[in-house]
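A quick write-up on the structure given underneath.
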Amino acid sequence: MQPRTDFYTASPDALKAMIALETAVSKLPLEKPLIELVKLRASQINGCAFCIDMHTADAIKGGETPRRLFAVTAWREAPFFTERERAALLWTESLTQLSLTHAPDEDYDVVSAQFTPKEMVDLTVAISTINSWNRLAVGFRKTPQA
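Residue numbering for the sequence shown follows full-length UniProt numbering, beginning at 1 and increasing consecutively.
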């Protein structure tokens, strides 16, 4: 794939806003390993090679096991995830594929059983943020370095 526009230099003010949002997400009191799983799953759904590469590396640096990372695409069948992580992954899929799912009550009920209302909002902001990064990276063909 040929890179398109360098979105960092094309619109510095927009990227400053994105970076500020990412900084805010990094300070939310949700578990960092859970957030990395969410970022990885959304990036997989969106086909964002750059973000998959980055968040896999970040998760490993944070102590995540390769076995769990390999299983994220099949989290429903894999026995490696807690109920809280499963709820977060379900919500991630539901919101990342919003045009297909419309965030059904069943998914909301699962996530609300594992997260407080504040945590649900924080999780939703984290999911929204990685989806925004994915759209920038995929849309402008940002690829990982070989």
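From the three backbone atoms N, C-alpha and C, an ideal C-beta is built for every residue, glycine too.
Ends of the alpha helix (DSSP H) at Arg84? 83 to 96
Could you give the residue range of the alpha helix (DSSP H) that holds Arg68? 66 to 71
Compare the Cα-Cα distances from Val50 to each of Pro3, Lys61, Val121 and report the closest residue. It should be pointed out that residue 50 corresponds to Phe in this sequence rather than to Val. Closest option to Phe50, Cα to Cα, is Pro3.
Candidates Leu98, Asp105, Gln114, Met120: which alpha carbon is nearest Asn131's? Leu98
Quick check on DSSP: helix, strand or coil for Gly47? coil
Whole-number beta carbon distance between Ile45 and Glu93, since they are thought to touch under 8 Å: 7 Å
Distance between Trp75 and Glu119 (C-alpha atoms, nearest Å): 21 Å
Return the CA-CA distance between Asn91 and Ala103, expressed in angstroms with no decimal places. Before going on, a small fix: residue 91 reads as Trp here, not Asn. Their Cα atoms are separated by approximately 8 Å.
For Glu77, count neighbouring Cβ atoms within 10 angstroms of its own Cβ and tell me buried if that reaches 16, exposed if not. exposed
Specify the secondary structure class of Thr5 as computed by DSSP and reduced to three states. coil
Three-state class that DSSP yields for Ala24 in the structure shown: helix
Would you kindly work out how many angstroms separate the C-alpha atoms of Ala59 and Asp109, rounded to a whole number? 27 Å
With a threshold of 7 Å on Cβ separation, who are the neighbours of Val25 within its own chain once the five nearest residues in sequence on each side are excluded? Val125, Ala126, Thr129
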